[in-house]
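Reviewing the structure listed below.
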Amino acid sequence: MVDEIWQELAKAKYMLWEHASSKRSWELQSLKEACETALREKHFLDDSQPEGFLDEAGISHMKQLEVLRQVFRKAGEADIPCEVPDYLCCKITLDIFCDPVITPSGVTYERAVILDHLQKVIC
Amino acid sequence: AITLCPNVPVYWTNRALCHRRRNDWLKVEEDCRRAIQLDYSSVKAHYMLGLALLQKQELDEGVKELQKALDLGRGANPKGYMVDEIWQELAKAKYMLWEHASSKRSWELQSLKEACETALREKHFLDDSQPEGFLDEAGISHMKQLEVLRQVFRKAGEADIPCEVPDYLCCKITLDIFCDPVITPSGVTYERAVILDHLQKVGKFDPITREPLDQSQLVPNLAIKEAVQAYLDKHGWAYKLD
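The listed protein sequences correspond, in order, to chains A and B.
Under full-length UniProt numbering, the first residue of the first sequence is numbered 1, with each subsequent residue one higher.
Under full-length UniProt numbering, the first residue of the second sequence is numbered 1, with each subsequent residue one higher.
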């Protein structure tokens, strides 16, 4: 029963995340574009230099856009799927832990998997 | 001794220790480098070389040497007094590295945040002219923009703001972040030195669950150790030890 409830709960939590994160991503993307546009227009109005000449304000403007990209990437980082850290995953299944247990050697495994291993590989 | 037997690394590190006592860091570096040439696995040589490099403000190289000393020291004698001392110095150096990098980052973020706020405000002023007091759809959206902008910049600078280290990375007795976490049969993790002290001075039982506990039952919690390192890599301010 517990396994089945966990499966359904995990599915539901994933759906909750999916819904909230697309909303967040859209909001971030809109704001990022608005900032880029506003910064570009301001730069164009504030500093008029002949084309091809990259002055101090020009370099700083390019740097601004680069840092802006990093800022928005950082702000949306948690919603981008990536690899779950090793120390949160079973060394056998490579999946994130549900019920971690530790052995005398200090290694942590998924309970069901290590129990299975102990039953099948008895010396 | 060095004149008679220049190929004994210990003589060089002994002399380096003398230089250290006299704060003659250039000579410390020289003698440590000689010692390392003779014995690459000399804990003391890498340790004092690290300290000397830190004195020269060569933070990155100094930290590398201290880390090398710590790894070698842990391999040889994990509970030795040297390991504790090296760890203290390494933590101090890592904290300095973080302090330096994070003030640069904070300044950069603050400048950009102000530039964006100014640019958005000016654009809003130019794009939408409404009589005062009337907050139209574009106005509400502009206020919301600034609010989301504040959240974005706060999130982007979050890792550099000191806060409480998560409970699961801290010893339940000391409440400090783990250095050498060990787990008991009841599933609770403690700082090794502290639980050993408890078992010796207070009694042979788990401090929290009160179940019987012997020193031999303690297991190194490698996963938590890894988690602590990952947290420190991301939040350098946590290297500050009280």
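Where is the CB? At the ideal position from N, CA and C, for every residue including glycine.
Straight-line Cα distance separating B/Glu-61 from B/Glu-158 = 27 Å
Are the C-beta of B/Phe-125 and some C-beta of chain A separated by less than 8 Å?
-> Not one chain A Cβ lies under 8 Å of B/Phe-125.
Residues in its own chain within less than 8 Å of A/Phe-97 by CB, not counting five upstream and five downstream?
-> Cβ within range, chain order: Leu-88, Cys-89, Cys-90, Thr-108, Glu-110.
Return the CA-CA distance between A/Asp-79 and A/Asp-95, expressed in angstroms with no decimal places.
-> 19 Å
In terms of residues, what are the limits of the alpha helix (DSSP H) holding A/Tyr-14?
-> 2-46
Inter-residue CB distance, B/Val-43 and B/Gly-73 (contact presumed, cutoff 8 Å) | 5 Å
Would you say B/Cys-32 and B/Ala-1 are within 8 Å of each other, going by their C-beta atoms?
-> no
Taking buried to mean at least 16 other C-beta atoms within 10 Å of its own C-beta, is B/Tyr-168 buried or exposed?
-> exposed
Counted within 10 angstroms of its Cβ, other Cβ atoms place B/Pro-181 as buried (16 or more) or exposed | buried
What residues match up with B/Phe-205 in a beta bridge as DSSP calls it?
-> B/Pro-212
Residue nearest to B/Gln-200 in terms of C-alpha spacing, selected from B/Val-219, B/Lys-94, B/Leu-213 = If we check each option's Cα against that of B/Gln-200, B/Leu-213 comes out closest.
Would you kindly report the start and end of the unbroken alpha helix (DSSP H) that includes B/Tyr-231?
-> From DSSP, the alpha helix (DSSP H) with B/Tyr-231 extends over 222-234.
Listing by chain order, which chain B residues have their CB less than 8 Å from the CB of A/Pro-104?
-> Val-219
Best match in B/Ile-161, B/Thr-209, B/Asp-160, B/Ile-224 for proximity to B/Glu-191 [C-alpha to C-alpha] = Ranking B/Ile-161, B/Thr-209, B/Asp-160, B/Ile-224 by Cα distance to B/Glu-191 puts B/Ile-224 first.
On the three-state DSSP scale, how would you describe A/Thr-103?
-> coil
Taking DSSP as the reference, what is the three-state secondary structure of A/Ile-92?
-> A/Ile-92: coil per DSSP, three-state reduction.
Taking DSSP as the reference, what is the three-state secondary structure of B/Tyr-3?
-> The sequence given here has Thr at residue 3 of chain B, not Tyr. For B/Thr-3, the three-state secondary structure derived from DSSP is coil.
Does the distance from the CB of B/Tyr-47 to the CB of B/Ala-69 come in under 8 Å?
-> Closer than 8 Å, so yes.
Simplified DSSP state of B/Ile-183, which is helix, strand or coil = Secondary structure at B/Ile-183: strand, using DSSP grouped into helix, strand and coil.
What's the call for B/Gly-187, buried or exposed, on a 16-neighbour Cβ count within 10 Å?
-> Only exposed fits B/Gly-187, as fewer than 16 other CB atoms lie within 10 angstroms of its CB.
DSSP state of B/Thr-174, grouped into three classes?
-> coil
Classification of B/Gly-203 by the beta-carbon crowding that lies within 10 angstroms, buried from 16 upward | exposed
What do you reckon, are the CB atoms on B/Thr-174 and B/Val-194 nearer than 8 Å?
-> yes
Should the stretch 61-74 of chain A be regarded as contacting the stretch 149-165 of chain B, the criterion being three or more beta carbon pairs within less than 8 Å?
-> yes
Does A/Glu-110 come within less than 8 Å of chain B when only Cβ atoms are used?
-> no
With distances taken Cα to Cα, identify the nearest neighbour of B/Cys-163 among B/Val-8, B/Trp-25, B/Tyr-239.
-> B/Tyr-239
Tell me whether B/Gln-145 is buried or exposed, calling it buried when 16 or more other Cβ atoms sit within 10 Å of its Cβ.
-> buried
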